[in-house]
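Protein chains in written order, with the numbering used here: chain A, 1 to 106; chain B, 1 to 106.
For every residue, glycine included, the Cβ atom is placed at its ideal position computed from N, Cα and C.
So this is what it looks like as C-alpha cells:
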C-alpha cells in the first residue's frame with residue numbers, strides 16, 4: 001500500500017466521516033436559512049438569500065470531494081471548518097491523520 | 001397618442017400597480033419559503049428549495065417587464081395570476097383595460 005493509497009476499510013471509514021460532516025453542514029445551513037427566512041421582509045432579503053444559497057451549494061459541491069487524491073485535503077478542510085474532529089476519523093491510518101491535522105492548522 | 005402609447009400619467013399609474021403586484025408576489029414567496037424552510041430536514045429539501053428559488057427568480061425577472069410594448073401583456077399576466085385586480089389599474093385608459101381584461105381570460 002503506497003502512502004497515497006486508501007484501503008477498503010479506510011475508504012469505508014472516510015465515507016462515514018464525510019456523511020457525518022455533510023449532515024452537520026446541512027443542519028447548520030438549515031438553521032441559517034430558518035433564521036434568515038424568518039426575518040425576510042423585502043425583495044432584497046429573498047434575492048440575497050438565493051445568492052447565499054447558490055454560493056453555499058457551489059462551495060459544498062467543491063468541498064465534499066471523494067476522489068482518493070483529494071481525501072487528505074478534504075478532511076483537513078472539514079476539520080478546519082469545525083465539521084469534524086480528527087478523533088472521528090477512526091479507521092484511517094495514523095500517518096494520514098497526522099497530515100490531516102497538520103494541514104488543518106494552516 | 002397612438003393606441004400603443006402610454007402617457008406619463010398612465011406610466012406612473014402602471015409603475016404603482018406593478019410595485020403593488022411585485023410586493024404581493026414577494027410576500028407570497030416569503031410565506032412559501034418560511035413554510036418550506038420550517039419543514040426542511042434533509043439535504044434534498046435544501047437543494048430543491050434552491051432550485052425552486054432559482055426558477056421563481058427567473059420567472060419573476062421575466063414577468064415584471066416594464067417596456068411600453070410589454071405592459072398590456074404584463075398586466076394581463078398579473079391579473080390572471082391573481083396579483084392585481086383590473087380595478088387597481090386606475091389611471092390607465094379604458095381601451096387598454098379592456099385589452100388587459102380580455103387577455104387575462106386566456
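Select from the options the residue whose C-alpha is nearest the C-alpha of residue i.
i                     : options              : result
residue 7 of chain B  : B:62, B:91 and B:104 : B:91
residue 34 of chain A : A:49, A:12 and A:16  : A:49
residue 26 of chain B : A:11, A:47 and A:28  : A:47
residue 77 of chain B : B:9, B:5 and B:17    : B:17
residue 39 of chain A : B:44, B:31 and B:20  : B:31
residue 19 of chain A : B:20, B:43 and B:37  : B:43
I'd like to check one pair, residue j with residue i: are the Cβ atoms closer than 7 Å?
i                     : j                      : result
residue 69 of chain A : residue 86 of chain A  : no
residue 22 of chain A : residue 64 of chain A  : yes
residue 80 of chain A : residue 104 of chain A : yes
residue 71 of chain B : residue 14 of chain B  : yes
residue 89 of chain B : residue 97 of chain B  : yes
Alpha helix (DSSP H) containing residue i: first to last residue?
i                      : result
residue 36 of chain A  : 8-39
residue 48 of chain A  : 43-63
residue 69 of chain B  : Neither: residue 69 of chain B is in no alpha helix (DSSP H) and is coded neither H nor E.
residue 137 of chain B : It is not possible to answer for residue 137 of chain B, since the shown part of chain B is limited to 1 through 106.
Pop quiz: residue i and residue j are said to be a contact at Cβ under 8 Å. What is the actual Cβ separation, rounded to whole angstroms?
i                     : j                     : result
residue 56 of chain A : residue 29 of chain A : 6 Å
> Between the region 56-75 of chain B and chain A, which residues of the former have a C-beta closer than 7 Å to a C-beta of the latter?
Replying inline: 57
>> To be precise: take each residue of the region 32-44 of chain A, compare its Cβ to all Cβ atoms of chain B, and keep it if any distance is under 8 Å. Which residues remain?
In response: 33, 34, 37, 38, 40, 41, 42 and 43
>> Against chain B, which members of the region 81-104 of chain A pass a CB distance test of less than 8 Å?
In response: none
> Quick one, which residues of the region 5-17 of chain A are near chain B if we go by CB-CB under 7 Å, in chain order?
Replying inline: none
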